[in-house]
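For reference, the structure is listed below as structure tokens.
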Amino acid sequence: MSPAPLPTCPPNSSYLASPEFISTGCHIVSVFMIITSSYSAFLIVRKSTPTMKSTVPYMIRAHLCTMFCDFTWGILVIPMMFWSVVCGYTLGISKYFINSKNILMYFGVWLMLAVLAMIAAILHLFEFRHQAVVSNNSKFVMRRPWTRRIFYFSSYTLFTNFGILEVLTLPSDQDAAKLQVLQKYPCLPSYFLDDRAFLIQIDGRTMFNPHMYITCFIVACFIIFYMSNSFWHLLPKNNPTMSTSTRKLITSFYISMCIQFLIPLNVGYIPNIYWNFSVTIDYYSQEINNISVVLLTSHCTLSSIVTIFIYTPYRKFTLDLIFNKILQINWVKSSVSTVVVSVARSNTNVIS
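In this note's numbering, the protein residues as written are 14 to 365.
Okay, structure coming up:
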């Protein structure tokens, strides 16, 4: 439907730069995502210990938002991005039932919404654990339920409407805008002009990039604060009234939660850092663009695997299922120390 790249730009025949690579990679990763994330969701709901009971709704919400994010990126849309141009080419299942260019051009905003809804859910989980660990006398704790509801509602509203500025500035004439971009970046692949390619902004440095920088910075500040302040209050000298067994249990659970979400979150941050870098300096590499999208869609799979093996009850159930039920091997459970806490009811509420 479009002319071939200009003669000054030799055709890129690399498999890593092809639509087949990103499509195949996302499909393979998505198969593992569906299996591992469904199983880990089952573990969170059915195999969590009583001390984790109050945290389960926040964990499952963050987990489902992560699944939704990877489903959007790795199955529904599968965007072949053209960074440093803020544009993507749809390779997902949506191409079979959506033919309207007016709808396709909003997919870029939908992709950002999926990522930020996941980040908001993870942020709320860290806030909840922070509230459970830190004393109510702290000025950094939202003591009243209505203040927390306002915080949750505001953060979800702001994050899920992250792309409102991009929506208001979407090029209405996509064909003309693509031709304008092609004059500046003549080495873009020929399918850049296809109807399934959605252009979000002509120049990403004017709005998209600063928007992403500010949002990532704010989220990182919140999460780092909640983590550092929680660990600070878990130190014996800062919370002398907490028993040793309670502190050990809370610390173990908090470290597990940080590992569960921060490793996959960093996997998601790495592509975003590259995308911002690419837009900032006008760097274009289709191979790296494709790899970054496949990497982003793998973070739910990684999160699920970490969830299965980082928490003792999930790990013990999984190993028992694999060896004793499936392989039918007389596997002796390892004597992983389980902390049994017999504390006052007030301390139990703090744990959960």
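For glycine and all other residues, C-beta sits at the position ideal for the given N, C-alpha and C. Model, not experiment: these values are computed from the prediction.
| Asked | Found |
| --- | --- |
| Going by the CB atoms, is the gap between Met125 and Ile35 shorter than 8 Å? | no |
| How many angstroms separate the CA atom of Ser151 from the CA atom of Thr62? | 28 Å |
| Can you round the beta-carbon distance between Asn39 and Ile91 to whole angstroms, since I take them to be within the 8 Å contact cut? | According to the sequence displayed, residue 39 carries Cys and not Asn. Right, the Cβ-Cβ distance comes to about 5 Å (below 8 Å), so this counts as a contact. |
| Using three-state DSSP, classify Gly87 as helix, strand or coil. | helix |
| Among the residues of its own chain, which have a CB less than 7 Å from the CB of Phe139, if the five just before and after it don't count? | Ile236, Tyr239, Met240 |
| Fully enclosed by the segment 198-279, which beta strand (DSSP E) runs are 3 residues long or longer? | 210-214 |
| For Val98, count neighbouring C-beta atoms within 10 Å of its own C-beta (all shown protein chains included) and say buried if the count is 16 or more, exposed if not. | buried |
| Please determine, among Leu77, Ala30, Glu33, Thr64, the residue with the shortest C-alpha to C-alpha distance to Tyr52. | Leu77 |
| Measure the beta-carbon distance from Thr68 to Ala130 and round it to whole angstroms, keeping in mind my assumption that it falls under 8 Å. | No, Thr68 and Ala130 are not in contact; Cβ-Cβ is about 19 Å, not under 8 Å. |
| Can you give, in chain order, each stretch of the alpha helix (DSSP H) that sits fully within the segment 117-182 and has at least 4 residues? | 120-146, 158-173, 177-181 |
| Which two residues bound the contiguous alpha helix (DSSP H) that contains Thr37? | 32-59 |
| Please report how far the alpha carbon of Ile132 lies from the alpha carbon of Pro202, in whole angstroms. | 32 Å |
| Go ahead and label Trp86 buried or exposed: buried means 16 or more other beta carbons lie within 10 angstroms of its beta carbon, across all protein chains shown. | buried |
| Does the segment 291-304 come close enough to the segment 161-171 that 3 or more CB-CB pairs lie under 8 Å? | no |
| Span of the beta strand (DSSP E) holding Thr62? | Taken as a continuous stretch (DSSP letters only), Thr62 belongs to no beta strand (DSSP E), as it is neither H nor E. |
| Please classify Tyr324: does DSSP put it in a helix, a strand, or coil? | coil |
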